[in-house]
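Right, one structure below, let's go through it.
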Amino acid sequence: MDYSSYWHETAPRFAGACPDKVSGRFDVAVIGGGFTGLNAARQLAKAGVKVALLEAAHVGAGGSGRNGGHLNNGVAHGYAEAKTALGAEAAHRLYKAYDASIRMIEAITQEEGIDCDFRWSGKLKLASKPGHVDGLKANYELIHREVDPETRWLERADLAGEVGSEAFHGAVLYPKSAMMHMGRYGTGLAEAARRHGAVIWEGAPVTAREKGVTGWAVTTPKGTLTADRVILATGAYTPRTFDYFRRRILSVGSFIVATRPLSAEEAAQAMPGNRTCVTSMNVGNYFRLSPDNRLIFGGRARFSAVSDQRSDAKSGKILRASMAAIFPDLARVEIDHCWGGLVGMTKDRFPRAGRADGVIYGMGYSGHGAQMSTLIGSALADIAMGRDDTNPLSGLDWPPIPFNTGKPWFLPVVGAYFRLKDMMS
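For the sequence shown, position 39 matches number 39 in the UniProt record's numbering, and the numbering has no gaps at all.
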């Protein structure tokens, strides 16, 4: 078994990183080489802005290269919950922003010639228990009426042509959801940003920043650069230098396995609809087929802030058992890849973007970053260029999380609470 991300292992590595020491003066320094930072750098460079990007490891190393491969529209919450928390106008704007970001991803892949198997697949939100049907259907009816009339309700009998499992009791179909190869998209974004003029350093974690008379000095082990403005796009991997954000983000582990390539018959039996799928449990699962017919199956298997081979292996065993419960015919199928990564969660699970602590920032996607981060990267670039009207997250208050210092010691308690809710639902 390979304890590395399937997306990393099956995509070409970015070969355009600057080999020189970190130095120079720039209009904008972008910190973080995931989809947010890469698209911000790409857009800035296209506009003629002198931009540098600093990535602690390699481009796409964090959440952008460690996710489940879904580009799902819709909000993480029930839409009624989002309306209550944000107000009707803001909830509507946020929902539409997910739609817009997925369309933007498709447009960028076409414009920049990125071969990443982008496909409009549709998403199924699956009712895992009979008791979940009424709530899921009520949420669907609200969404269908107010914000997304293309959604459809599927009864249990309708699922036979969608998912080869008897585990589910109905579903909401979101046709405007998609999927792609995350590793190839990340490399393609980096190549596009470099081609347009961005300077990208890899292996350059930010260890210090200092405000000077003429801008920010940003220091890495490879050297220091100066920039008029700084964009922070580090999410769950935010360094200690930016404590303001670490106190507002919970870094939570999410874990994934990928099977060996399934035969055409096995794939058609397990996933006849070939969509992205998400279950309705609080501690649930998500799954899809890869371009080479592997079942990619993930979830919050353990509430941990650690992702290493030992932790990932423990979570992999839990995920295999969950996969077998949903797809008994795949219970003995070989697992080729098992990996984990950190998800940047906010307390209310709404993402945040704007200006704070001297920087322009976008993060806190709470498990929905693959689909939203491209649009937010574009909005951050706009802010850096003096335009403030394209940020769908503007105006959201973001207080710190009580007792959070960047190391969420309380995650096991949170996990136990949500598992108890699942048992009682």
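Ideal Cβ placement from N, Cα and C applies to all residues, glycine included.
- For residue 209, the enclosing beta strand (DSSP E) starts and ends at 208 to 212.
- Within the segment 74 to 104, complete alpha helix (DSSP H) segments of at least 4 residues are found at 79 to 86, given in chain order.
- Remark: fewer than three beta-carbon pairs, one from each stretch, lie closer than 8 Å, so the segment 195 to 204 and the segment 96 to 109 are not flagged as touching.
- Where residue 127 is concerned, there is no enclosing beta strand (DSSP E), because DSSP gives it neither an H nor an E.
- Counting along the chain, the unbroken beta strand (DSSP E) around residue 219 starts and ends at 215 to 220.
- Relative to the Cα of residue 6, the nearest Cα in the group 255, 397, 81 belongs to 255.
- Check the Cα spacing between residue 379 and each of 177, 1, 221, 42: the tightest is with 42.
- Assignment of beta-bridge partners to residue 337 by DSSP yields 2, 258.
- Taking all protein chains in view, the Cβ of residue 382 is crowded by 16 or more other Cβ atoms within 10 Å, so the residue is classified as buried.
- Nearest neighbour of residue 8 by Cα position, chosen from 62, 1, 315, turns out to be 62.
- Cβ-Cβ distances below 6 Å link residue 317 to nothing in the same chain once the five nearest sequence neighbours on each side are left out.
- If you draw a straight line from the Cα of residue 345 to the Cα of residue 402, it is about 14 Å long.
- Residue 167 and residue 326 have their alpha carbons spaced roughly 6 Å apart.
- Between residue 32 and residue 234, the CB-CB gap stays under 7 Å.
- Taking the C-beta atoms as reference points, residue 232 is found no nearer than 7 Å to residue 22.
- Contact between residue 123 and residue 275 holds, since their C-beta atoms are separated by about 6 Å, short of 8 Å.
- Put simply, the segment 163 to 178 does not touch the segment 208 to 218. Fewer than three CB pairs are less than 8 Å apart.
- Taking 7 Å as the cut-off, the Cβ atoms of residue 13 and residue 116 do not count as close.
- Secondary structure note for residue 188: it is in no beta strand (DSSP E), and the uninterrupted alpha helix (DSSP H) holding it is 182 to 196.
- The criterion of a C-beta distance shorter than 7 Å is satisfied by residue 74 and residue 174.
- A direct Cα-Cα distance of roughly 32 Å separates residue 247 from residue 180.
- Exclusion of the five residues before and after residue 367 leaves 343 as the residues of its chain whose Cβ lies within less than 6 Å of its Cβ.
- Proximity to residue 50 across 92, 283, 40, 20 peaks at 40, based on C-alpha coordinates.
- Per DSSP, residue 244 is one residue of the alpha helix (DSSP H) stretching across 243 to 246.
- About 11 Å separates the Cβ atoms of residue 37 and residue 28, ruling out a contact at the 8 Å cut-off.
- Look at residue 234 here: in three-state DSSP terms it is coil, with no helix or strand label.
- The bridge partners DSSP lists for residue 251 are 344.
- The beta carbon of residue 241 sits closer than 8 Å to the beta carbons of 206, 207, 208, 209 from its chain, once the five residues preceding and following it are set aside; these are given in chain order.
- If you look at residue 361, you'll find it in the beta strand (DSSP E) that goes 359 to 363.
- Residue pairing by DSSP places residue 296 opposite 258, 288 in a beta bridge.
- By the CB criterion at 7 Å, residue 280 and residue 136 fall inside the cutoff.
- At a cut-off of 4 residues, the continuous stretches assigned as alpha helix (DSSP H) that sit fully inside the segment 34 to 75 are 35 to 46.
- Per DSSP, residue 27 is not a residue of any alpha helix (DSSP H); the beta strand (DSSP E) it occupies stretches across 25 to 31.
- In this structure, residue 362 lies away from residue 186, with their beta-carbon atoms at least 7 Å apart.
- Looking only at 182, 153, 149, the smallest Cα-Cα distance to residue 171 is reached by 153.
- When the alpha-carbon of residue 1 is set against those of 244, 335, 103, the nearest one is in 335.
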